[in-house]
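Structure, as structure tokens:
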Amino acid sequence: MQHDLTPLNAESRIEVVPVSGKIGNHYRMMWVKKAEMGNMGTPVLVLADGKIIGLLLLEGGLKFGTDFVIIVSDPAAPTSRYKRLSKLILHLCCTETVLAMMNERTMWEHTGFTTRVLTNNPVSMKYRGLFDLVKREDFEQGNYKYKLIYQSKALFPDVETALAAWLKKDGKIVE
Numbered sequence: 001m002q003h004d005l006t007p008l009n010a011e012s013r014i015e016v017v018p019v020s021g022k023i024g025n026h027y028r029m030m031w032v033k034k035a036e037m038g039n040m041g042t043p044v045l046v047l048a049d050g051k052i053i054g055l056l057l058l059e060g061g062l063k064f065g066t067d068f069v070i071i072v073s074d075p076a077a078p079t080s081r082y083k084r085l086s087k088l089i090l091h092l093c094c095t096e097t098v099l100a101m102m103n104e105r106t107m108w109e110h111t112g113f114t115t116r117v118l119t120n121n122p123v124s125m126k127y128r129g130l131f132d133l134v135k136r137e138d139f140e141q142g143n144y145k146y147k148l149i150y151q152s153k154a155l156f157p158d159v160e161t162a163l164a165a166w167l168k169k170d171g172k173i174v175e
């Protein structure tokens with residue numbers, strides 16, 4: 001498989017760009033098996049050096065009675081040379097930059113991020129390290145055994161710091 005994304009490094013230009021619901025749904029439908037068309041939240045494309053590497057679908061917490069921004073969906077581009085690209089999308093999400101963007105868009109003062117995971121495993125490795133598991137429930141519906149609720153531990157000050165942290169721990173290229 002050929003990859004056109006140049007290797008990421010500390011100088012890579014990262015952008016988080018709010019887009020229309022139509023564009024957000026387009027990428028969700030391409031990248032997420034269980035995706036359904038919907039109009040929930042703010043779709044945000046994540047770009048590295050001008051190339052789309054992921055999508056965040058974020059919803060303000062006010063309508064759910066929480067001061068956390070809800071991560072509805074966070075897919076990474078499936079054609080990547082990085083095994084843990086999805087972890088980069090989460091690193092970039094958990095920044096003061098994205099939180100400030102969501103606070104401005106929703107006119108609500110959020111303090112962090114939260115997400116719900118339906119899985120057959122008692123924990124999700126994808127969120128480990130960046131998020132705390134705050135609730136685990138048995139969930140015997142469909143093909144899933146557990147419903148997990150995660151909340152962000154801390155936020156990176158900006159996308160550059162988040163990228164540097166990901167490069168140090170998870171940014172290994174798979175040949």
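Mapping to the working numbering: the sequence shown position 124 is 124, numbers consecutive. Ideal Cβ positions, reconstructed from N, Cα and C, are used throughout, including at glycine.
Pair within 8 Å by beta-carbon distance, residue i and residue j
| i | j | result |
| --- | --- | --- |
| P75 | G50 | no |
| E160 | Y146 | no |
| K126 | S86 | yes |
| L133 | L90 | no |
| K83 | K172 | yes |
| G60 | P43 | no |
| A10 | A162 | no |
| L47 | V72 | no |
For residue j and residue i, the rounded distance between their alpha carbons
| i | j | result |
| --- | --- | --- |
| L58 | R105 | 11 Å |
| Q2 | A77 | Confidence in Q2 is poor, its pLDDT being 43 and thus under 50, which makes the residue's placement unreliable; the coordinate value appears in the next sentence. Roughly 14 Å between the two C-alpha positions. |
| V123 | T6 | 32 Å |
| M102 | N143 | 33 Å |
| C93 | T115 | 12 Å |
| I70 | L167 | 25 Å |
| K33 | L99 | 27 Å |
| D170 | F139 | 30 Å |
Among the options, nearest to residue i - alpha-carbon criterion
| i | options | result |
| --- | --- | --- |
| L62 | E160, K145, F113 and M125 | F113 |
| Y150 | N25, V117 and H26 | V117 |
| T111 | L56, G65, D170 and R81 | G65 |
| L56 | S80, N121, D67 and V19 | V19 |
Integer-rounded CB distance, given that residue j should sit under 8 Å from residue i
| i | j | result |
| --- | --- | --- |
| L155 | E109 | Rounded, the Cβ-Cβ distance is 14 Å, inconsistent with contact. |
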